[in-house]
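Below is one structure, written out as structure tokens; comments come after it.
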Amino acid sequence: MATPTTAADPQPVGLRERKKRRTRDALVDAAHRLFLCHGYGRTTVDEIASEVEVSQRTFFRYFANKEEVALAVLAEAEQAFLEFLRARPARENPLEAMRGAVREVWQAVDRGQESGPAALELFELIESTPTLLAAHLRHAIQQEVEVARILAEREGLDPAADLRPRLLAAVFGTVVRISHLSYAAAPDAADHSMDGMLELIERHFDQLGPALAGSWR
Numbered sequence: 010m011a012t013p014t015t016a017a018d019p020q021p022v023g024l025r026e027r028k029k030r031r032t033r034d035a036l037v038d039a040a041h042r043l044f045l046c047h048g049y050g051r052t053t054v055d056e057i058a059s060e061v062e063v064s065q066r067t068f069f070r071y072f073a074n075k076e077e078v079a080l081a082v083l084a085e086a087e088q089a090f091l092e093f094l095r096a097r098p099a100r101e102n103p104l105e106a107m108r109g110a111v112r113e114v115w116q117a118v119d120r121g122q123e124s125g126p127a128a129l130e131l132f133e134l135i136e137s138t139p140t141l142l143a144a145h146l147r148h149a150i151q152q153e154v155e156v157a158r159i160l161a162e163r164e165g166l167d168p169a170a171d172l173r174p175r176l177l178a179a180v181f182g183t184v185v186r187i188s189h190l191s192y193a194a195a196p197d198a199a200d201h202s203m204d205g206m207l208e209l210i211e212r213h214f215d216q217l218g219p220a221l222a223g224s225w226r
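Numbering (my numbering), first residue to last: 10 to 226.
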């Protein structure tokens, strides 16, 4: 069956959406290149739009500001993590479910446009830019709340009365952030692969139990 069209807009809906997605992706890619080359503060919205050969008005159809375009890739990864977490098998305990969801996110990134080194450069940019870091940490807190809600639903708990979902969500988010930063800071970061990134995250999670409950001596 053909995709529906209207007299006012003869393009198929699917084609319109694909073109919009291509424009959005191009703006994100251009913004990242300019941020990494010239710095976040020195890059303007006009420069990002010009790089893609669109108007400033077009840019603002997709993003409210530079901050939003800078964090777009991470925002999509965070949303994907929530979707993967909701879909994890019910037999998995909360930590197993979150570890599985993280693996799925990075595997999806590996299959997509954002390469491992580019993603790691993005983490470094955020950490070194106070405005972006503050925004990222705000988003991280919001993410923790949503993760805790999903975990509570999976386990049949009341998140307002049971602290475990929120505590685990906060610890989990911190482990992932530390893993990303450790990997990005390694001397041979440019040669890193997604497999290596996942291996490091898994090693950090393997240490979570001993760090919280075991003796350090």
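Backbone N, C-alpha and C fix where the C-beta goes; we use that ideal spot for every residue, glycine too. Quick caveat: nothing in here was measured; it's all calculated off a predicted structure.
Where the alpha helix (DSSP H) through residue i begins and ends
i      : result
GLY218 : 217–222
ALA80  : It is worth fixing the name first, because residue 80 is Leu in this sequence and not Ala. It is not in any alpha helix (DSSP H) - LEU80 carries neither H nor E in the DSSP assignment.
PRO139 : 139–164
ASP55  : 54–61
PHE72  : Here PHE72 belongs to no alpha helix (DSSP H), and DSSP marks it neither H nor E.
Buried or exposed by the 16-neighbour rule on C-beta atoms within 10 Å, applied to residue i
i      : result
LYS28  : exposed
GLU92  : exposed
ILE187 : exposed
VAL234 : In the structure as shown, the chain begins at 10 and stops at 226. Residue 234 is therefore absent and cannot be evaluated.
HIS145 : buried
PRO139 : exposed
PRO219 : exposed
THR67  : exposed
THR52  : buried
ALA81  : buried
ALA17  : Note that ALA17 scores a pLDDT of 47, beneath 50, so its modelled location is shaky and nothing firm can be said.
ARG150 : For clarity, residue 150 is Ile in the given sequence; the question names Arg instead. Exposed.
ALA58  : buried
HIS189 : buried
PHE72  : buried
LEU24  : exposed
ALA277 : Look at the range of the chain in this structure, 10 to 226, and you will see that residue 277 is not part of it.
LEU142 : exposed
CB contact flag (residue i, residue j, <9 Å)
i      : j      : result
ALA40  : LYS75  : yes
ARG175 : ALA194 : no
LEU45  : GLU130 : yes
HIS148 : LEU83  : yes
VAL180 : LEU221 : yes
PHE90  : VAL61  : no
GLN152 : GLY109 : no
LEU160 : MET206 : no
LEU134 : TYR49  : yes
GLU56  : LEU43  : yes
| Inter-stretch contact at 8 Å, needing at least 3 Cβ pairs: the segment 165–179 / the segment 109–119 | Under the Cβ criterion (8 Å, minimum of three pairs), the segment 165–179 does not count as touching the segment 109–119.
| said: With three or more beta-carbon pairs closer than 8 Å as the criterion, would you say the segment 99–106 touches the segment 54–68? | reply: Result no; under three Cβ-Cβ pairs closer than 8 Å.
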